[in-house]
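Residue numbers (my numbering): 8 to 361.
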């Protein structure tokens, strides 16, 4: 039920975000229509993901991971460049984004490796699992796509923490965090990515340039006040002041039109949505099924947290969409497919016990 509500809210929000007030009336772009098509495809894949025993995914984990790496390797060679980033492969009738499928590949292989032993991880096993995430991220970060890179690593990190590490491994990782942050700042990040962090700290320094996105998003959400301005009545979105209103900043459109009450309702839906996934984690009858659902939980949790924090100015802008609310073809298909896997685990918890 929460999935249906979130998807319908997302399509309705995209319908509103697609509208632009012109001199001769209200014109529309087709983002919401494309989202409906992608949603129908995703729904079919979600149903398909429930039709087999999920334990068979163990055998597919390595092959799917290798195919994903090959697709990522092909992106710099035959990839399509959009807005200065080469992340998509054109199939003629559609574009696919291999980095989205990398999330599924890392989730499947990570769950396979982590379910083999319930004992807390030592260094050897920790690095073995960590390499599962680092391998595709090495290709994704060059596209460049820092948002997806963070999403993949955070997804795998959540799975590792849920599984458990030996005390000395966990303490060493925590001590290494400042060094890793410094390395990313001086070596791993490009100039425009560092500028995003500086803009987050003080967006007013460049209100018409780097700080424009955050400031317009804050204005949109703040102007919605308690009850909002009403459907398609937002000025920041309809008058095209708000950039990326159909993707990264889609929730700013929602906040302007539906206000604090609408945003509270949306956050409540997401909490119920995450709660239903975690309930499946607890009820799963084998470790592989439990780890699969843990990966899906963290996949959605980090995207929701980072996108809402980004749009409200609490976190730097890193280009992570809000599941089911932001437009995205490959992302929508992946979202539905992962939920199909969760449903698969939930359905089969009554069939067998391991």
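Using N, Cα and C, we set each Cβ at its ideal position, and we do this for glycine too.
So the alpha helix (DSSP H) residue 237 belongs to, where does it begin and stop?
Segment: none, residue 237 is in no alpha helix (DSSP H) and carries neither H nor E.
CB of residue 287 within 7 angstroms of CB of residue 278, strictly:
Contact flag unset, no.
Pick out whichever of 239, 103, 264 and 275 has its Cα sitting closest to the Cα of residue 231.
Out of 239, 103, 264 and 275, 264 has the C-alpha closest to the C-alpha of residue 231.
Integer Cβ distance of residue 69 from residue 13, believed to fall under 8 angstroms
In fact, because the Cβ distance is near 32 angstroms, the residues do not count as touching under 8 angstroms.
Does the beta-carbon of residue 234 have 16 or more other beta-carbons within 10 angstroms, so that it is buried, or is it exposed?
The C-beta of residue 234 has fewer than 16 other C-beta atoms within 10 Å across all chains shown, which makes the residue exposed.
Run through the DSSP bridge pairs and tell me what residue 97 is partnered with.
Within the DSSP secondary-structure output, residue 97 pairs in a beta bridge with 102.
Express the C-alpha separation of residue 168 and residue 194 in angstroms, rounding to a whole number.
C-alpha separation (whole angstroms): 27 angstroms.
Through-space distance from residue 42 to residue 97, alpha-carbon basis:
Spanning the alpha carbons of residue 97 and residue 42 requires a straight line of approximately 18 angstroms.
When you compare only the Cα positions, how much space is there between residue 128 and residue 65?
So the alpha carbons of these two residues sit roughly 20 angstroms apart.
In chain order, what residues of the same chain have a beta carbon less than 7 angstroms from the beta carbon of residue 285, not counting five sequence neighbours either side?
304, listed in sequence order.
Contact between the stretch 252-260 and the stretch 310-327 is defined here as three or more beta-carbon pairs at a separation below 8 angstroms; is this criterion met?
Counting Cβ pairs under 8 angstroms, three or more are found: they touch.
Which value, in whole angstroms, describes the spacing of the CA atoms of residue 67 and residue 323?
One C-alpha to the other measures close to 36 angstroms.
Residue 9, DSSP secondary structure in three states:
In the three-state DSSP reduction, residue 9 falls in the helix class (H, G or I).
Would a C-beta distance cut-off of 7 angstroms place residue 113 and residue 148 closer than the cut-off?
It is not a contact, given that the beta carbons lie outside the stated cut-off.
Simplified DSSP assignment, three categories, for residue 33
Per-residue confidence for residue 33 stands at a pLDDT of 45, beneath the threshold of 50, marking its modelled position as unreliable; no derived number is given.
What would DSSP say about residue 360, mapped onto helix, strand or coil?
Low per-residue confidence applies at residue 360: pLDDT is 49, beneath 50, and the placement is therefore not dependable enough to give any value.
So if DSSP puts residue 88 in a beta bridge, which residue, or which two residues, is it bridged to?
For residue 88, which the question treats as bridged, DSSP gives the partners 93.
Cβ of residue 11 within 6 angstroms of any heavy atom in the ligand ATP?
The ligand ATP is not part of this structure, which contains no ligands at all.
Rounded separation between residue 317 and residue 75 - CA only:
Those two C-alpha atoms are separated by around 29 angstroms.
Per DSSP, residue 128 forms a beta bridge with which residues?
Bridge partners of residue 128: 172.
Relative to the C-alpha of residue 340, which residue among 142, 84 and 52 is closest?
Residue nearest to residue 340 within the set 142, 84 and 52 is 52 (criterion: CA-CA distance).
Please say whether residue 338 and residue 40 have beta carbons closer to each other than 7 angstroms?
Residue 40 places its beta carbon 7 angstroms or farther from that of residue 338.
Of the residues 158, 307, 348 and 312, the one placed nearest residue 296, counting alpha carbons only:
Its Cα nearest to that of residue 296, the residue 348 stands out among 158, 307, 348 and 312.
Return the first residue and the last residue of the alpha helix (DSSP H) that residue 232 is part of.
Run containing residue 232: none; DSSP gives neither H nor E here.
Answer yes or no: do residue 308 and residue 281 have a C-beta to C-beta separation smaller than 7 angstroms?
Yes; because the gap between Cβ atoms is below 7 angstroms, this pair is in contact.
With 16 other CB atoms within 10 Å as the buried threshold, where does residue 32 fall?
With a pLDDT of 45 at residue 32, under the threshold of 50, the modelled position of this residue cannot be trusted; read the value that follows with caution. Residue 32 comes out exposed.
Complete alpha helix (DSSP H) runs within the stretch 18-81 (minimum length 4 residues, chain order)
The DSSP assignment places 38-55 as complete runs of the alpha helix (DSSP H) inside the stretch 18-81, in order along the chain (cut-off: 4 residues).
Using the three-state DSSP reduction, which class does residue 275 fall into: helix, strand or coil?
Note: residue 275 maps to helix in three-state DSSP.
Range covered by the alpha helix (DSSP H) that runs through residue 319
Run containing residue 319: none; DSSP gives neither H nor E here.
Rounded separation between residue 94 and residue 161 - CA only:
Here the alpha carbons of residue 161 and residue 94 stand approximately 20 angstroms from one another.
Tell me the DSSP secondary structure of residue 334 in three-state form.
Correct three-state label for residue 334: coil.
Got a sec? Which residues, its chain only, sit under 7 angstroms from residue 9 by beta carbon, not counting five neighbours each side?
Once the five neighbours on either side are set aside, the close Cβ partners of residue 9 are 276, 279, 280 and 283.
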